[in-house]
Amino acid sequence: MHTPHGYSYAEKLRQELDEPLFNPMLKKWVGRGELDYEVYLKTPQLLALQAPEEQRVSHDELMFQVVHQAQELWLKLASREVVEVVAELDRDALWAASARLERVSRIVQGLKSELAVLETMTPDTYQVIRRSLGNGSGQESPGYNMLRKAAEGLEQALERLLARRARTLLAVYQGGPDDLKRLCEQLVDVDEAFQGWLHAHFQLVRRTIGVDRAVKALDGLPTQVLAGRMTLPLFRQLWDVRVELTSGWRREGGHAPGARREGCMEGALEAYAAPPASAVCPVHHAGFPPPRGES
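Note that the sequence shown covers residues -1 to 293 in this note's numbering.
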């Protein structure tokens, strides 16, 4: 259908969106780049970073550019937040570091959610866009490389913290202290989210161009090799310590399924170490109050 002026309604709406819009609540024109919001966020420059409609090879190219540009911004933020965590760990401000790591985890989780938008693009559409990407690769992403570099610094900060506390990762996971164990688990949260994002990217590649020895990515490598890239952790030591814990695990001290259980939770502390010499329930030493009736 067309308007009385001969334009389709979609064309008319498209033109209106490209022009400043009058906001009746503000009684001001929005989109001229003059309002404080626009000036502070540099919206004219930001919204001009995508190829204009007449230059796009596909309607979906706008989505492709917006998602990737947004990813770069979030990766920049995540890497700068990690730098702050390094500073907080170096001054033993673990509470502040813990709060900031929660933020980093949410940022990286958001990266994965954003990628899901690209899954709405069909393979044939991407094949058209792909012709204009040169030899581009995700390995060339500034944000990705910044985050990996920042994570290296964070891992080193953790090592310095453990050295000041005279603790190894294995010792932390076997007996605390709780603040260090909590910190380590939050780092695992970040790493798990990061690997989830990488896996989502791998699945996106699989969905759009396929994963096979015969299929080459734009950098010339077979897409089959991407599987190895997508499982590289940020903090390898925190995953290796799980292997150490399991290697030292002992079956003794547990209960047969269905058997009656009595006494305190001795197995919680004995599973990885020799039994304590004291006959006192080891849970009491962990700061828990004794059961009612004990003193």
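From the three backbone atoms N, C-alpha and C, an ideal C-beta is built for every residue, glycine too.
Please read these numbers as outputs of a predicted model, since none were measured by experiment.
For residue i, count neighbouring Cβ atoms within 10 angstroms of its own Cβ and tell me buried if that reaches 16, exposed if not.
{"i": "TYR7", "result": "exposed"}
{"i": "HIS221", "result": "Here residue 221 turns out to be Thr, not His, going by the sequence shown. Its Cβ being crowded by 16 or more others within 10 Å, THR221 is buried."}
{"i": "SER245", "result": "exposed"}
{"i": "PHE233", "result": "buried"}
{"i": "LEU19", "result": "exposed"}
{"i": "ALA257", "result": "exposed"}
{"i": "ALA95", "result": "buried"}
{"i": "ALA148", "result": "buried"}
Which residues in the same chain have their Cβ closer than 6 Å to the Cβ of residue i, if we skip the five residues on either side of it in sequence?
{"i": "LEU145", "result": "LEU73, ALA76 and SER77"}
{"i": "ASP58", "result": "MET119 and THR123"}
{"i": "SER139", "result": "none"}
{"i": "LYS179", "result": "VAL170"}
{"i": "VAL186", "result": "LEU236"}
Using the Cα positions of residue i and residue j, report the straight-line distance between them to the nearest angstrom.
{"i": "VAL64", "j": "LEU11", "result": "21 Å"}
{"i": "ARG211", "j": "ASP217", "result": "14 Å"}
{"i": "ASP90", "j": "ILE105", "result": "24 Å"}
{"i": "TYR35", "j": "GLU52", "result": "28 Å"}
{"i": "ARG240", "j": "GLN184", "result": "15 Å"}
{"i": "LEU45", "j": "LEU39", "result": "10 Å"}
{"i": "TYR5", "j": "GLN13", "result": "10 Å"}
{"i": "GLU150", "j": "SER103", "result": "16 Å"}
{"i": "GLN69", "j": "VAL209", "result": "23 Å"}
{"i": "GLN125", "j": "HIS197", "result": "21 Å"}
{"i": "ARG204", "j": "PHE192", "result": "19 Å"}
{"i": "GLY226", "j": "HIS199", "result": "13 Å"}
{"i": "ARG98", "j": "CYS182", "result": "13 Å"}
{"i": "LEU33", "j": "THR41", "result": "10 Å"}
{"i": "VAL37", "j": "VAL80", "result": "28 Å"}
{"i": "GLY174", "j": "LEU160", "result": "11 Å"}
{"i": "LEU15", "j": "GLU9", "result": "10 Å"}
{"i": "LEU71", "j": "ARG30", "result": "24 Å"}
{"i": "HIS253", "j": "ARG259", "result": "7 Å"}
{"i": "ARG162", "j": "GLU100", "result": "24 Å"}
{"i": "ALA164", "j": "VAL223", "result": "40 Å"}
Considering only the beta carbon of each residue, do residue i and residue j sit closer than 7 Å?
{"i": "LEU109", "j": "TRP27", "result": "no"}
{"i": "LEU87", "j": "ALA155", "result": "yes"}
{"i": "VAL84", "j": "LEU24", "result": "no"}
{"i": "PRO121", "j": "THR206", "result": "yes"}
{"i": "ASP189", "j": "PRO255", "result": "no"}
Apart from the five residues on each side of it in sequence, which residues of its chain come closer than 8 Å, Cβ to Cβ, to residue i?
{"i": "TYR142", "result": "LEU73 and GLY136"}
{"i": "VAL115", "result": "MET61 and VAL65"}
{"i": "ARG158", "result": "LEU87 and ASP88"}
{"i": "ASN133", "result": "LEU216, ASP217 and GLY218"}
{"i": "GLU17", "result": "GLY29"}
{"i": "THR166", "result": "LEU160"}
Counting only the same chain and skipping the five closest in sequence on each side, list residues whose C-beta sits under 7 Å from that of residue i.
{"i": "SER130", "result": "VAL55"}
{"i": "ASP177", "result": "LEU92"}
{"i": "GLU112", "result": "VAL65, ALA68 and GLN69"}
{"i": "GLN107", "result": "ALA191"}
Exercise for review: Enumerate, from N- to C-terminal direction, the unbroken beta strand (DSSP E) stretches of 3 or more residues contained entirely within the segment 99 to 163.
Suggested key: none
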